[in-house]
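Taken in order, the sequence shown gives residues 225 to 500; the numbers are from our numbering. C-beta atoms are modelled at their ideal positions from N, C-alpha and C, and glycine is treated no differently.
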Amino acid sequence: MRRHTLPLLATLLPLSLVLTACGGSSAADTGAGAKDGAKSGTKVTLNVGDQKGGFESLLQAAGELDELDYEIKWSTFTSGPPLLEAVNAKAVDIGGVGNTPPVFAAAAKSKITVVGATHGSSAGEAILVPKDSALQSPADLRGKKVAVAQGSSAHFQLIASLQQAGLTPGHRGLPPAPPARPGLGVQAPGGVGQGLVEGDRAAVRGGLRRGEAQQRHRVPVAVDDAAVASEQKIADTFTELKLIPGKVVFKDFVDTRFNRDLPPSTTAPRTYGKES
Numbered sequence: 225m226r227r228h229t230l231p232l233l234a235t236l237l238p239l240s241l242v243l244t245a246c247g248g249s250s251a252a253d254t255g256a257g258a259k260d261g262a263k264s265g266t267k268v269t270l271n272v273g274d275q276k277g278g279f280e281s282l283l284q285a286a287g288e289l290d291e292l293d294y295e296i297k298w299s300t301f302t303s304g305p306p307l308l309e310a311v312n313a314k315a316v317d318i319g320g321v322g323n324t325p326p327v328f329a330a331a332a333k334s335k336i337t338v339v340g341a342t343h344g345s346s347a348g349e350a351i352l353v354p355k356d357s358a359l360q361s362p363a364d365l366r367g368k369k370v371a372v373a374q375g376s377s378a379h380f381q382l383i384a385s386l387q388q389a390g391l392t393p394g395h396r397g398l399p400p401a402p403p404a405r406p407g408l409g410v411q412a413p414g415g416v417g418q419g420l421v422e423g424d425r426a427a428v429r430g431g432l433r434r435g436e437a438q439q440r441h442r443v444p445v446a447v448d449d450a451a452v453a454s455e456q457k458i459a460d461t462f463t464e465l466k467l468i469p470g471k472v473v474f475k476d477f478v479d480t481r482f483n484r485d486l487p488p489s490t491t492a493p494r495t496y497g498k499e500s
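Right under this line is the structure:
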């Protein structure tokens, strides 16, 4: 069926976030990590969660995965929620998701930490409707059914658009999609990489830098007060709608050590003329 789109009317900061596992002792706190691995003759392994159409192929094509000081083991997921389940289980050390999955993970008291962010455009976000549909704006969705994955970034974008159109959404959300590769997400692998992100800041910085190099429209930004406030607004919205239990204090899930000299989270995304 051919479709056309209804533009989403409202967003906060259209951020993508990079998250790691947290909890337990930290090799970074003791000065251990990659140097100790080098002394022992073994490479540290960074278990990276990627989404379909994500970074692995881009980084390979750009040669960014050649001659690393650490190994990377990739796990591919269909969306953010199952990726964060894997982070919580320490099956994955680090991974990137949109702005909403971390809110649901935080509400579930998952052991996750936000260590990086990018700011991009929401111009590509839209609600799909059949071609020649009478629906021309979010306001026309009153009384209609809309399919959206529970806890996904599209979930909040839809809610924000409906609310701006004066509509109060009811909910029977679709469950989060399972991992793209069966069996991933709950079985923590053995080896050097388990719990690595807590301990090896050098590997985390390297992973963040290489991920930033492949962002076309998105700009790497600091996880600053404005970013936290934007995520807090998302959390409060889902709390008010009783879609997550209780109040989430999002700043409790943020680590600012990797902000470096990054620009503010409100920095405008890159644009490339008409294609943006």
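- Excluding the 5 residues flanking it on each side, residue 491 has same chain C-beta neighbours closer than 8 Å at 343, 443, 445, in chain order.
- Between residue 361 and residue 389, the gap from beta carbon to beta carbon is short of 8 Å.
- The beta-bridge partner set that DSSP reports for residue 443 consists of 343.
- Residue 272 sits in a strand when the DSSP states are folded into three classes.
- In terms of Cα proximity to residue 345, the closest of 366, 286, 322 is 322.
- The count of Cβ pairs closer than 8 Å, one atom from the stretch 265–284 and one from the stretch 362–371, stays below three, leaving the stretches out of contact.
- With at least 16 other beta carbons inside 10 angstroms of its own, residue 337 counts as buried.
- In the DSSP secondary-structure assignment, residue 296 is bridged to 270.
- Cβ neighbours of residue 358 within its own chain (closer than 8 Å, five residues either side excluded): 364.
- Distance from the Cα of residue 382 is smallest, within the candidate group 477, 300, 293, 462, for 462.
- In the three-state scheme derived from DSSP, where H, G and I count as helix and E and B as strand, residue 467 is classed as coil.
- For residue 350, the uninterrupted beta strand (DSSP E) run begins and ends at 350–354, by DSSP.
- Between the stretch 305–313 and the stretch 279–292 there are fewer than three C-beta pairs closer than 8 Å, too few to call the two in contact.
- For residue 285, the enclosing alpha helix (DSSP H) starts and ends at 280–285.
- Just so you know, the alpha carbons of residue 267 and residue 317 end up roughly 15 Å apart.
- With contacts defined by Cβ atoms closer than 8 Å, residue 339 and residue 455 do not form a contacting pair.
- Rounded to whole angstroms, the separation of the alpha carbons of residue 270 and residue 292 is 11 Å.
- Beta-bridge analysis with DSSP links residue 243 to 319, 338.
- Relative to residue 335, the option among 315, 301, 469 whose CA is nearest is 315.
- Within the same chain, 452 come within 6 Å of residue 475 by CB-CB distance, once the 5 residues on both sides are set aside.
- Under the three-state reduction of DSSP output, residue 373 falls in the strand class.
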